[in-house]
Structures are given as structure tokens and as C-alpha cells.
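Worksheet: the structure to be examined is printed underneath.
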Amino acid sequence: EAQVTQNPRYLITVTGKKLTVTCSQNMNHEYMSWYRQDPGLGLRQIYYSMNVEVTDKGDVPEGYKVSRKEKRNFPLILESPSPNQTSLYFCASGNAGVWYEQYFGPGTRLTVT
Amino acid sequence: GIQVEQSPPDLILQEGANSTLRCNFSDSVNNLQWFHQNPWGQLINLFYIPSGTKQNGRLSATTVATERYSLLYISSSQTTDSGVYFCAVGMDSNYQLIWGAGTKLIIKP
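Read top to bottom, the protein sequences are chains A and B.
1 is the number of the first residue of the first sequence in our numbering; add one for each residue after it.
114 is the number of the first residue of the second sequence in our numbering; add one for each residue after it.
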């Protein structure tokens, strides 16, 4: 089954404790992206990647890191999480030529206390 | 940057009713999409429609790029249509979408 998976689905952590949210897709997509969703704001892009070792900043990259060492994986790293990073996070993937036809993961709800 | 406004922010309808959701955007774009987020949080592409009209079953969308707006029509609403509908716009060349705040639709049985 074609899918985008994220882990964990729910995470409660404390300020400053490094964490990684994993994202994996099995569709051989070149394009992958991370978004955060906050109430009343819609989705905002954090980082995106057009291929292995190619990443670029979205609208709200501060406080986040990503890496793309393999085509299928695109982890989101929070080196020192803060309460303002409490949010719902989505990973998405798509084919390079039609990157906008994105398949979304189920979401990761992160709470930073 | 591009601003995206969706209206209405909330809409409550009875099953069987028709609805029109609107998306206004502030600058020229060559990418416009409509998404549905169901009550469990799953996001699904509905339409890629930078211009013109498309239909998919009970849903259709129209974008008038020269006037910078798009409309999503839902006919004969069903409870499964409930959720949040997002409009997102951008330029294909920069691989980014700017999302509106969404319209929350509740369909009552």
C-alpha cells in the first residue's frame, strides 16, 4: 500500500530535550516536505527536499533541522524544543514533476512543556 | 508575500444541502489546490486547479485567476463531507504552497 508514515504519532516532551520525528514514504517520491498546523493558521511549511542531499527552508524553519540521506526518509529534528513548537506536524511527499500532488502522513501531535 | 483568505470560516449545514466555499488570494499564482482534512486529521488532495473548472462527483471547483479567487462547490452534502477545507496557492517553480486558514464544515444528519 502506498503510504507516508510518521513516528511517533503523539509525543509529550520537555523544553530542551532533543527529539526526532521520522517520516518515510514507499512511493519513490523525490519531493518531501514538513508542515506544522496550528489552530486558525492553516499549514505552514518548515522545510522541503527535492531529492537526496537537497533540502531548503520553507516559511518557518527556525528551531528545526532536517536531513535527506535516503530517498525514502526525511526526519525532522528539534535540537532544543520550546513550548512554541507545540503543534501538529505533517510530512508529505510527491513526484518531482508534479510535486504539488502531495500525499500526507497521518500527523504527529507534539506537546512541549 | 501572498495572502490567502478563505470564507466563511465556519459553516453548519443539514445533510443534502449545497455549499460554496471561497478562496481569495492576493497575487498571481500558477498553482492552486483544494484539500480536505477529515475529522481524524487526514489530509487529502481534492483538486489542482490554477484556472478553469473541474468536477469530481459531488465536488467541483472553479478558479478565476485574473480575479484572484477560487470557489469549491459541494452538492448534496453528506456527513462524510465534514471537516476542514483548505485552499493553498503558490508558484510551481518554488515548490512551496501558502495555505489559507480553512473553512470548517459540519454536516448534520
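No residue lacks a Cβ here, since even glycine has one placed at the ideal position from N, Cα and C.
Since the structure is predicted, the reported quantities are computational estimates derived from the model, not experimental observations.
Chain B beta carbons: is any one of them nearer than 9 Å to that of residue i?
i: A2 (chain A); result: no
i: P106 (chain A); result: yes
i: Q102 (chain A); result: yes
i: Q45 (chain A); result: yes
Assign residue i to one of two classes, buried (16 or more other C-beta atoms within 10 Å of its C-beta) or exposed (fewer than that).
i: I157 (chain B); result: exposed
i: I46 (chain A); result: buried
As a quick exercise: from the options, pick the residue whose alpha carbon is nearest that of residue i.
i: S33 (chain A); options: A:G42, A:N51, A:K17, A:L19; result: A:N51
i: L159 (chain B); options: A:E101, A:T111, A:T113, A:L110; result: A:E101
i: Q150 (chain B); options: B:K221, B:T216, B:P222; result: B:T216
i: T86 (chain A); options: A:F104, A:T108, A:N26; result: A:T108
i: L218 (chain B); options: B:N207, B:T193, B:L145; result: B:T193
i: E30 (chain A); options: A:T111, A:V112, A:N95, A:L110; result: A:N95
Less than 8 Å between C-beta atoms, sequence neighbours within five positions excluded: which residues of the same chain meet that for residue i?
i: I115 (chain B); result: F138, S139, D140, V142, V202, G203, I211
By Cβ distance below 7 Å, which residues in the same chain neighbour residue i in space, the five residues on each side in sequence not counted?
i: P106 (chain A); result: Q6, R9
i: Y118 (chain B); result: What sits at residue 118 (chain B) in the sequence shown is Glu, not Tyr. N137, G213.
i: F104 (chain A); result: V4, F90, A92
What does a CB cutoff of less than 6 Å around residue i pick up in its chain, not counting 5 residues either side in sequence?
i: R135 (chain B); result: S120, L184
i: A2 (chain A); result: M27
i: D123 (chain B); result: K217
List the whole-angstrom C-beta distance separating residue i from residue j, where the pair is believed to meet the contact cut-off of C-beta under 8 Å.
i: S93 (chain A); j: V4 (chain A); result: 6 Å
i: V117 (chain A); j: L88 (chain A); result: Nothing about residue 117 (chain A) can be read from this structure; chain A reaches only from 1 to 113.
Answer yes or no: does any C-beta atom of chain A fall closer than 9 Å to that of residue i?
i: W212 (chain B); result: yes
i: A201 (chain B); result: yes
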